[in-house]
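K.L.:
Sharing a structure here in structure tokens format.
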Amino acid sequence: MSQYKSTDTAPASLLPGVLSRLERRQVYRTPTLSVQELVEALSHPQWEMRSAVVRALGELGEQAPYEPLIAALHDEHRLVRVAAVRALGRLGERVQADRLVIALQDHAWEVREMAVLTLGERDEPAIRPLLQQLALQDTNSDVREAAASALSRYNATRPVPVADHQAMARTSALTMTMPATRPSLLRRLTHSYLLLKRQIVLMHKSLWIGPPLLQLLWCLLSFYNRGLTPDHGHTASLYLALFTTISAAAGTAFIYGDENDPGFELTLSTQTSIRGVMFARFLLVVGYNVLLSACASVALVLLYGGGFWDIMQLWLGPLVLLSSMTLTLSMLIGSWFALAVALIVEVSQSFVMNTQQHWPQIEVSFSTNWHTTPAILGLAAMLIAFAVFFLPQRLRLSRL
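Numbering (this note's numbering), first residue to last: 5 to 404.
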């Protein structure tokens with residue numbers, strides 16, 4: 005989605021920009037253009053235009069040019085290659101299977117999945133070993149499921165009797181007339197659990213790698229060449245609060261991926277609420293950082309003594325507040341702007357300038373208001389509610 009033009013400062017302009025690009029793309033999907041004009045448009049700099057051209061060429065049937073579609077299999081953008089595989093599949097016997105088999109080795113799983121679906125429509129025995137290999141060994145679960153589905157269609161060669169068709173039609177009509185029932189509490193909880201579990205895979209890997217790396221940096225800064233005195237323990241606690249707050253704020257600023265975010269596509273194709281996806285990702289990022297920071301706080305208590313809550317209250321409230329702030333700002337304006345604001349707020353509350361020395365020194369010292377207080381938690385709750393219930397109506401995906 006991030007490929008759509010946007011001013012990045014006026015969310016109201018997002019919809020006109022999207023509609024404008026869709027309108028330009030629609031030109032290539034109308035029968036008014038000649039084959040030569042479509043072939044020339046394959047060099048368009050925007051990938052969505054090239055994808056629309058490939059789709060249009062695939063709908064020409066016998067008049068579709070063969071070589072340009074083969075060349076589109078090597079396009080730099082994966083979604084253009086997906087469209088090329090599908091377009092070649094529509095040409096039927098004109099395209100040899102080995103041309104499509106090449107797409108099974110594409111590094112993008114979307115291309116491999118489309119190649120599996122396209123080859124699965126051909127009843128060729130030579131393809132079955134390839135599909136069996138993909139069903140067992142492909143690194144992506146969607147590709148494995150598509151290969152298994154194609155193999156099951158190969159085995160289902162017996163035609164369905166007419167009586168069975170009539171029975172299925174009656175069952176379908178009966179199902180459509182049945183009143184809708186509200187899902188039970190157990191089903192809702194199960195759906196929420198599956199949504200959380202699925203988002204772990206869909207979210208960018210850097211969201212899981214970054215926090216431990218920052219924790220490692222905190223360890224190096226806090227414990228290198230330092231003793232186990234209470235003063236050192238207090239300094240280590242301040243550094244922990246600083247790093248963990250920045251880590252959580254950066255993660256929530258980029259909980260949406262660029263271009264075609266899988267979680268956002270899920271909301272478009274199913275009944276999954278975009279609010280549910282957004283809140284699930286927020287909980288995962290914040291909860292992950294809270295868990296890491298809690299473990300670090302336990303380590304500080306064991307090393308230096310003191311109370312667990314005395315350390316935790318230094319970072320819990322600021323972490324939740326800055327995370328909710330970056331979540332809101334990333335959707336209103338942009339991810340990098342949200343992260344910059346979070347850094348400015350954190351630095352302004354975490355550092356002071358000591359002018360008592362001969363040379364001014366910057367020291368880590370939290371503001372008296374920058375702790376876990378009811379006011380900070382209340383403000384964080386309002387920002388979360390604003391982001392979850394209002395912003396999805398004017399959502400813009402953040403850029404990575």
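For every residue, glycine included, the Cβ atom is placed at its ideal position computed from N, Cα and C.
If we count the other Cβ atoms within 10 Å of its Cβ and call it buried at 16 or more, is residue 85 buried or exposed?
P.N.:
To locate residue 85, count along the sequence shown from 1; it is residue 81. The residue is buried, with at least 16 neighbouring Cβ atoms inside 10 Å.
K.L.:
State yes or no: is the C-beta of residue 296 within less than 8 Å of the C-beta of residue 219?
P.N.:
Counted from its first residue, the sequence shown places residue 296 at position 292. Counted from its first residue, the sequence shown places residue 219 at position 215. A contact, by the Cβ cut-off of 8 Å.
K.L.:
Helix, strand or coil for residue 368? Go by DSSP, reduced to three states.
P.N.:
Here residue 368 corresponds to residue number 364 of the sequence shown, with the count starting at 1. Three-state result, residue 368: strand.
K.L.:
I need the boundaries of the alpha helix (DSSP H) containing residue 90, first residue and last residue.
P.N.:
One-based indexing of the sequence shown puts residue 90 at position 86. Unbroken alpha helix (DSSP H) run through residue 90: 82 to 94.
K.L.:
Taking the alpha carbon of residue 131 as the point to measure from, which residue in 139, 101, 337 has its own alpha carbon closest?
P.N.:
Your numbering for residue 131 matches position 127 in the sequence shown. With distances taken between Cα atoms, residue 131 lies closest to 101.
K.L.:
What does the alpha-carbon distance come out to for the pair residue 177 and residue 388?
P.N.:
Counted from its first residue, the sequence shown places residue 177 at position 173. Counted from its first residue, the sequence shown places residue 388 at position 384. The pLDDT assigned to residue 177 is 48, lower than 50, so where the model puts this residue is not dependable; a value taken from the coordinates is nonetheless given after this. Rounded to whole angstroms, residue 177 to residue 388 spans 43 Å at the Cα level.
K.L.:
Tell me where the alpha helix (DSSP H) around residue 312 begins and ends.
P.N.:
What you label residue 312 is simply residue 308 of the sequence shown in a count that begins at 1. From DSSP, the alpha helix (DSSP H) with residue 312 extends over 312 to 336.
K.L.:
Rounded to the nearest angstrom, what separates residue 82 and residue 120 at their Cα positions?
P.N.:
As a working note, residue 82 is residue 78 in the sequence shown. As a working note, residue 120 is residue 116 in the sequence shown. So the two alpha carbons sit approximately 15 Å from each other.
K.L.:
Classify residue 204 as buried or exposed, calling it buried when 16 or more other Cβ atoms lie within 10 Å of its own Cβ.
P.N.:
In the sequence shown, residue 204 corresponds to position 200, counting from 1. By the 10 Å Cβ count, residue 204 comes out exposed.
K.L.:
Taking the continuous alpha helix (DSSP H) assigned at residue 293, which residues delimit it?
P.N.:
The residue labelled residue 293 in the question sits at position 289 within the sequence shown. Note, residue 293: alpha helix (DSSP H), 278 to 308.
K.L.:
Which residue comes first and which comes last in the alpha helix (DSSP H) that contains residue 222?
P.N.:
As a working mapping, residue 222 is identified with position 218 in the sequence shown. Start and end: 210 to 227.
K.L.:
What's the call for residue 411, buried or exposed, on a 16-neighbour Cβ count within 10 Å?
P.N.:
Nothing about residue 411 can be read from this structure; the chain reaches only from 5 to 404.
K.L.:
How many Å lie between residue 156 and residue 118 at the Cα?
P.N.:
By one-based count along the sequence shown, residue 156 stands at place 152. By one-based count along the sequence shown, residue 118 stands at place 114. Approximately 17 Å, taken between the alpha carbons.
K.L.:
Starting from the Cα of residue 112, find the closest Cα among 79, 94, 259 and give me that residue.
P.N.:
Numbered from 1 along the sequence shown, position 108 holds the residue referred to as residue 112. For residue 112, the nearest C-alpha among the options comes from 79.
K.L.:
Pick out whichever of 252, 335, 304 has its Cα sitting closest to the Cα of residue 324.
P.N.:
Within the sequence shown, the letter at position 320 stands for residue 324. That would be 252, whose Cα lies nearest to the Cα of residue 324.
K.L.:
Please report the Cβ distance between residue 305 and residue 259, rounded to the nearest whole angstrom; I am assuming they are in contact, meaning their Cβ atoms lie under 8 Å.
P.N.:
Working through the sequence shown from its first residue, we reach residue 305 at position 301. Working through the sequence shown from its first residue, we reach residue 259 at position 255. In fact, because the Cβ distance is near 31 Å, the residues do not count as touching under 8 Å.
K.L.:
Please find out if some non-hydrogen atom of the ligand NAP comes closer than 7 Å to the beta-carbon of residue 217.
P.N.:
The ligand NAP is absent from the structure shown, which contains no ligand whatsoever.
K.L.:
Would you say residue 254 and residue 343 are within 8 Å of each other, going by their C-beta atoms?
P.N.:
Looking up residue 254 in the sequence shown gives position 250. Looking up residue 343 in the sequence shown gives position 339. Yes, these two residues count as a Cβ contact at 8 Å.
K.L.:
Select from 77, 40, 311, 284 the residue whose C-alpha is nearest the C-alpha of residue 55.
P.N.:
Looking up residue 55 in the sequence shown gives position 51. Comparing Cα positions, the closest option is 77.
K.L.:
Using a Cβ cut-off of 8 Å (strictly closer), state whether residue 322 contacts chain D.
P.N.:
Of the protein chains in this structure there is only one, and it is not chain D.
K.L.:
At the level of alpha carbons, what is the spacing between residue 327 and residue 214?
P.N.:
In the sequence shown, the residue the question calls residue 327 occupies position 323. In the sequence shown, the residue the question calls residue 214 occupies position 210. So the two alpha carbons sit approximately 15 Å from each other.
K.L.:
Note the first and the last residue of the continuous alpha helix (DSSP H) segment covering residue 197.
P.N.:
Counted from its first residue, the sequence shown places residue 197 at position 193. Segment 189 to 206, the alpha helix (DSSP H) holding residue 197.
K.L.:
Determine the contact status of residue 70 and residue 94, defining contact as a CB-CB distance below 8 Å.
P.N.:
Mapped onto the sequence shown, residue 70 falls at position 66. Mapped onto the sequence shown, residue 94 falls at position 90. Going by C-beta atoms, residue 70 is not nearer than 8 Å to residue 94.
K.L.:
Note down the Cα distance separating residue 75 from residue 42, rounded to an integer number of angstroms.
P.N.:
For the purposes of this step, residue 75 is identified with residue 71 of the sequence shown, where counting begins at 1. For the purposes of this step, residue 42 is identified with residue 38 of the sequence shown, where counting begins at 1. Cα to Cα, residue 75 sits roughly 14 Å from residue 42.
K.L.:
Report the three-state DSSP secondary structure of residue 247 (helix, strand or coil).
P.N.:
Here residue 247 refers to the residue found at position 243 when the sequence shown is read from its first residue. DSSP places residue 247 in helix when its eight states are reduced to three.
K.L.:
For residue 197 and residue 391, what's the separation of their Cα atoms in angstroms?
P.N.:
Counting from 1 along the sequence shown, the entry for residue 197 is found at position 193. Counting from 1 along the sequence shown, the entry for residue 391 is found at position 387. Cα to Cα, the separation comes out at about 21 Å.
K.L.:
Is the distance from the Cβ of residue 319 to the Cβ of residue 245 below 8 Å?
P.N.:
Along the sequence shown, read from residue 1 onward, the residue named residue 319 stands at position 315. Along the sequence shown, read from residue 1 onward, the residue named residue 245 stands at position 241. Against a cut-off of 8 Å, the Cβ pair of residue 245 and residue 319 comes out as a contact.
K.L.:
In whole angstroms, what separates the C-alpha of residue 329 from that of residue 384?
P.N.:
One-based indexing of the sequence shown puts residue 329 at position 325. One-based indexing of the sequence shown puts residue 384 at position 380. One C-alpha to the other measures close to 7 Å.
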